[in-house]
Structure formats: structure tokens, C-alpha cells
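To start, the structure itself, in C-alpha cells.
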Amino acid sequence: MAEDRQQPEQWGTRLGVILAVAGSAVGLGNFLRFPGQAAQNGGGAFMIPYFCALLLLGIPIGWAEWTMGRYGGRKGFHSGPAILGVFGGRSAGRYLGSISVLIPLAVSYYYIYVESWCLAYFWKYLTGGLGIDPTAPVAAQVATSTGFFREFVGASANGVLEAGHGTTIFFFALTVAVNLFLVYRGLNKGIEKFVTWAMPLMAACALVVLVRVLTLGTPDPANPGQNVLGGLGYMWNPDFAALGSFQTWLAAAGQIFFSLSVGFGVILNYASYMKKKDDVVLSGLTASATNEVFEVGFGGMITLTASFVFLGLSGTIAAVQTGSFGLGFNTLPVVFAQMGALGNFIGATWFLMLFLAAITSSLSMYQPTIAFLREALGVSRKMATTGMALLAVAGGWLVMYFSRELIFFDTLDFWVGTFLIFILAALQIVLFSWFFGAERALAEAHEGSHIRIPGPLRFVMKWVTPVYLIVVFVGFSVQNLRGSLAKAMANPEAQLALGWVLLNLLLLLVLVWRGERRWRAAGLDLDGRRPADD
Amino acid sequence: MRISGWIFLVLSTGFVVGLTAWCYYKVLTLPEDGVVKPPDMLGG
């Protein structure tokens, strides 16, 4: 094997890996999905089930992933399938673990596309804005903004982006190129260096927008009720009756789950590059806490407050019902248009922040595939990155080409970016607490740790987290599966998306088979039978 | 904004900001790997 193929990668600093994982977790959902979910499910009261889910679901699964990843790294493995095999899954764990590569890979196909919208909107605001007339009726402004968005993403028909939508294609290509450039530079010189300045810059952007929003006061004296306190009240005034609804608890658990990027395959991979005595407990907690600051601190105060001040209660309720993209790309541009001279600056800052949130996440989605290709095929990092780039460009192009009503995109988001995440998280927590054994797994977690996992969490990780996860998964499936299956049956774009996912999965399964043979021939401890320090 | 709204806002943001600050304080004040803290010759 060539030297390059064996060259181990490692994080440069402990802060680097924390910021990389936090960057992976902080995404558009922190700023756009969280406030909508909270406002629709009890306002301030939503925080009770939200923090329950954080403590009982998010942080425990996160700790399990950090521990499994570092353990796999000590055995010389960095890919999800190999790590899950080592951590008690053996051959079945490896084949099931192929979804730990499939999830970040397939999500990257559409996530990069959204990231390119943020970059394009940032550029638009730097160069004059979207052309929304702030003196027109609000409905007309929203129509202008929505029209711009639909035109930009090619929602009217498939293939429309290839006929005269040079800007969309240019920003998509630029975004892919920036991502690949950073990934080609490697874990330490590319990803770690980038997140080390991108995360503070994102926080600075969020702070600028937050300060502007909180100082808006009452911009329209004719509507004295539309003020900052009213906006905060819309988001935070508790409706305790919502706590009696299963939907509220389900929404809170879902938000925590997707926000922290647990069950995504990324933490497994990132943690595998840690040194064998590096702390995982404090690091995992710090990454989760960082994500929460962006979500609760910034997401909970910026988006809906700004919308309420300019669009009022009915406009904000309507905006929330359009979903994350509606809120972020259709409604907020109208809000920025009302901000006068500062509007374009705040708009540019907002979309730069979203772009940074997105790119720190998308970078993390490539690394698991690169690690897997390296391990399964025994190729160099450059070769593996090239293979991953070919897949990324092909998948990204499919998402962009089949743009009609974003059905192809939505299908990937539901079946891979949501449904499969539950499966992987369940697999991980079961392997951690039951196959590897809770006591042994926690002892492994405490190796080199600077804080200890509280005693009661042993019981939580063995019993409460798996049961909580199953209840949430069943509730989610009952609510969504029927509709999503019907959508898949009715739309050829959805069928194409599912076909593409299956093709990817098949490729990964073949590579797991190939990797198993390779690792066994090399005498590696792929079933985790030998002591960890071998 | 009602008093109860303020309570949820302050407690929620206070909790996450406090937790994060504590975590980063711990992370940033840990000794670097391989650096052994010398004994305190004066204080024993």
C-alpha cells in the first residue's frame, strides 16, 4: 500500500473538532425551522418538551456517536460501516451501517443546492437587493419575492434551469467548487481551518442581525401593536394547553433530533479522527450547546420577531405555514425591504450567515464518503475525493435538473434526510447500550474525558433514549408515511429520486462487501474482538 | 409579551448561553496534550 494511502488524518486541536461538529449541526433549520415549530406548538411552553428531548434524546445519542467514532478510530477505522461493525454490529452492523454513508452523501446532493441559493441571495443583496418595492401592498411584495424564488430555483418545470438560468447554475457550480476545494485540502488544512473562522463569523453575522431586529421598535406608528415586544411575545408567550398534545412532544423531539445532526453519520466519522485519549464527553456537550445557542438564542429571537414587526400577526402566521423555505426566502426578503437604507446590508448579512451555516454542514457531509471509499478500496485521499466529487456532481445535477416544485429535492429530504436518520440513530443507540453494553460503552466514553456522564444517564441511555426514539419514530411514521408514499406514487420525479437513492445504496453495499474482504485479508480487527488498544 | 413569555425567554436563552460558556471555559482552560503541569514549588 502506498504511503499516501496509509497516511492517518487527525484533528489539529480539540477546539477544531468541536467547531467542526457544531458547524455540521448548525444549519438552516436553526434559524428557519425552529422558530416556526416553537410558535406553532405552544410558544414558550414548547421549550419544556424541547429541553426534555435535548437531555433524553439528543445529547445521549450524540455522546454515543462520539464514543463509537473514537473507538473505531482507535481500531484504525474511520467509516461508519466499519465503525458500527467494530462496535458490536459485526457483519450485519456493517451492511446496515452503509446508511451512515448514504445519509450524508444523499443529503449533500440537495443541501448544496440550498447552500447555493444562500450564496446567490447574499450576492443579490450586496448588489442592490431583489427589487421588491417597499411601498407596494405587502401581498404584492410577497408575490414578488415568491416569484423571484420560484424562478431562481426553477420550480415551474424540470430542466428549465438549463435554458437561460445562468445565475442559478453559476452559483451552484461555485458552491460545489468551494466545497470540493476545501475537502480536497483535507481534514486539518481544509475543514478544520475553515470552520475555525467560519463559526465565529457566523456568530458575528447573527449578532448583527439580532441587534438590528431587537432595535426595530415600532416602525409603523399606524400599527402600534406591531413592535418588537409583540414579535417576541408571538414566539415566546407560552400556551400550556399545547403540552397536552402528542404533536407538541413529537415536534420538539423531531426538532432536537434533526438540529443536532445525530443519526447523520457525521459525528461517527469526525470523532474517529480524534486521538485515543481525547475527551469525547465534554467535546460532545460543547458541540451540542453551541448548536443550541444558534437555535434558541438567535433562531428564537430573529426570524419571527422581524416578520411580526413588519407583517403583523396574520402575515407571520401565514409565513410560518409556508415552511422553512417560505419563511427564509419569500417572507424575510419582504422584511428586509421594509428596513430602509440598512435593508440590503442586513439582508446580505443574513444570507451570508445562512451560507456559512450551510457550508459548515455540507463540508461534513463529504468526509464520511471519502473515508469509506479510502477504506473500502484502499485508495488515496485524492482518489477517494475525486470519486466522491463525481457522485456529488451527478447527484447535485439531478436535484437541479428535476426542479419542478422541488419534488425530487423533497423526496430525498424526507426519505434520506428524515426517515433514514431515525433508523441510523436507533441502530447506534442499540449497538451502544445493548450490543457493546452500557457499562462498557460508558467506561469507553469516560476514557480521557474531562467531565463524567451523570450516573442516572446510564439508565437513560439504556432504556429511556431507545424507547423515546421508537415512540417518536412511530408517531412520525403515522403522521407522514402515508402522504409521502402517495406523493412518491404520483410523481415521476419522486420515483426517480428513490431510484437514485437505491442505486447509491446498492453501490455502498457492494463496497461494504469489498471492504470486509479487504479488512479481513489485512488482519484488521473488524469485528472488535480484540482489546481496544491493540 | 407577557411575564410568562419573558420567563421562558430568559430561562431558555440563559440556560443555553450559560451551558455553552461553561463548556468553552472548560475546553479552553484544559492543558494541551502532552503538556504536564509543573508542580507548584511555592504553594506545595
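Chains as they are written, first to last, in my numbering: chain A, -3 to 530; chain B, 32 to 75. For each residue, glycine too, the CB sits at the ideal point set by N, CA and C.
Which chain A residues are close to residue i, counting only those with a beta carbon under 7 Å from its beta carbon?
{"i": "Tyr55 of chain B", "result": "Thr282"}
Could you give the C-beta distance for residue i and residue j, rounded to a whole number, given that I count them as a contact under 8 Å?
{"i": "Leu101 of chain A", "j": "Met361 of chain A", "result": "7 Å"}
{"i": "Ile252 of chain A", "j": "Gly54 of chain A", "result": "4 Å"}
{"i": "Phe168 of chain A", "j": "Tyr109 of chain A", "result": "6 Å"}
{"i": "Trp7 of chain A", "j": "Glu188 of chain A", "result": "6 Å"}
{"i": "Val456 of chain A", "j": "Pro56 of chain A", "result": "6 Å"}
{"i": "Leu532 of chain A", "j": "Phe398 of chain A", "result": "Lying before the first or after the last residue shown, residue 532 of chain A is absent from chain A, which here runs from -3 to 530."}
{"i": "Ala302 of chain A", "j": "Val209 of chain A", "result": "5 Å"}
{"i": "Leu126 of chain A", "j": "Phe144 of chain A", "result": "5 Å"}
{"i": "Gly511 of chain A", "j": "Pro364 of chain A", "result": "The Cβ separation is near 14 Å, so there is no contact."}
{"i": "Tyr106 of chain A", "j": "Leu408 of chain A", "result": "5 Å"}
{"i": "Ser320 of chain A", "j": "Gly69 of chain A", "result": "With a Cβ gap of about 34 Å, Ser320 of chain A and Gly69 of chain A do not count as contacting."}
{"i": "Thr171 of chain A", "j": "Ser257 of chain A", "result": "Going by Cβ atoms, the distance from Thr171 of chain A to Ser257 of chain A rounds to 20 Å, so no, they are not a contact pair."}
{"i": "Ile99 of chain A", "j": "Leu420 of chain A", "result": "6 Å"}
{"i": "Arg531 of chain A", "j": "Asn154 of chain A", "result": "No answer is possible for residue 531 of chain A: it lies beyond the span of chain A, which begins at -3 and ends at 530."}
{"i": "Phe472 of chain A", "j": "Leu246 of chain A", "result": "7 Å"}
Applying a beta-carbon distance threshold of less than 9 Å, which residues of chain B neighbour residue i?
{"i": "Ala248 of chain A", "result": "The contacting residues do not exist; Ala248 of chain A stays about 12 Å from chain B at best."}
{"i": "His446 of chain A", "result": "Lys57, Val58 and Leu61"}
{"i": "Val292 of chain A", "result": "Ser43, Thr44, Phe46, Val47 and Val48"}
{"i": "Leu278 of chain A", "result": "Cys54, Lys57, Val58 and Leu61"}
Is DSSP giving residue i helix, strand or coil here?
{"i": "Pro45 of chain A", "result": "helix"}
{"i": "Glu556 of chain A", "result": "There is simply no residue 556 of chain A to check, as chain A begins at -3 and stops at 530 in what is shown."}
{"i": "Met32 of chain B", "result": "coil"}
{"i": "Met485 of chain A", "result": "helix"}
{"i": "Val13 of chain A", "result": "helix"}
{"i": "Pro100 of chain A", "result": "helix"}
{"i": "Asn265 of chain A", "result": "helix"}
{"i": "Gly295 of chain A", "result": "helix"}
{"i": "His442 of chain A", "result": "helix"}
{"i": "Gly127 of chain A", "result": "coil"}
{"i": "Gly374 of chain A", "result": "coil"}
{"i": "Arg516 of chain A", "result": "helix"}
{"i": "Gly68 of chain A", "result": "helix"}
{"i": "Asn340 of chain A", "result": "helix"}
{"i": "Lys272 of chain A", "result": "coil"}
{"i": "Gly19 of chain A", "result": "helix"}
{"i": "Pro62 of chain B", "result": "coil"}
{"i": "Pro133 of chain A", "result": "coil"}
{"i": "Ser303 of chain A", "result": "helix"}
{"i": "Gly74 of chain B", "result": "Confidence is the limiting factor: at Gly74 of chain B the pLDDT is only 41, short of 50, which leaves the residue's position unreliable, though a coordinate-based value still follows. Gly74 of chain B falls in the coil class under three-state DSSP."}
{"i": "Leu212 of chain A", "result": "coil"}
{"i": "Met231 of chain A", "result": "helix"}
{"i": "Ala218 of chain A", "result": "coil"}
{"i": "Met335 of chain A", "result": "coil"}
{"i": "Leu52 of chain A", "result": "helix"}
{"i": "Gly433 of chain A", "result": "coil"}
{"i": "Ser399 of chain A", "result": "coil"}
{"i": "Asp523 of chain A", "result": "coil"}
{"i": "Gly322 of chain A", "result": "helix"}
{"i": "Leu465 of chain A", "result": "helix"}
{"i": "Gly240 of chain A", "result": "helix"}
Mind listing the chain B neighbours of residue i? Cutoff is C-beta to C-beta under 7 Å, in chain order.
{"i": "Met43 of chain A", "result": "Phe39 and Ser43"}
{"i": "Val289 of chain A", "result": "Val47, Val48 and Thr51"}
{"i": "Thr286 of chain A", "result": "Thr51"}
{"i": "Ile14 of chain A", "result": "Val58"}
{"i": "Pro234 of chain A", "result": "Ser35, Gly36 and Phe39"}
Under 8 Å Cβ-Cβ, which residues of chain B neighbour residue i?
{"i": "Ile449 of chain A", "result": "Going along chain B, no residue has its Cβ under 8 Å from Ile449 of chain A, so there is no contact; the nearest lies around 14 Å."}
{"i": "Leu225 of chain A", "result": "Met32"}
{"i": "Leu228 of chain A", "result": "Met32, Gly36 and Leu40"}
{"i": "Arg400 of chain A", "result": "Result: empty, since nearest Cβ-Cβ is about 40 Å, beyond 8 Å."}
{"i": "Gly69 of chain A", "result": "What Gly69 of chain A touches in chain B: nothing, since even the nearest Cβ is about 15 Å away."}
{"i": "Gly40 of chain A", "result": "Ser35, Gly36, Ile38, Phe39, Leu40 and Ser43"}
{"i": "Pro196 of chain A", "result": "Result: empty, since nearest Cβ-Cβ is about 12 Å, beyond 8 Å."}
Contained beta strand (DSSP E) runs [length at least 3] in the region 143 to 210 of chain A, N- to C-terminal order: none
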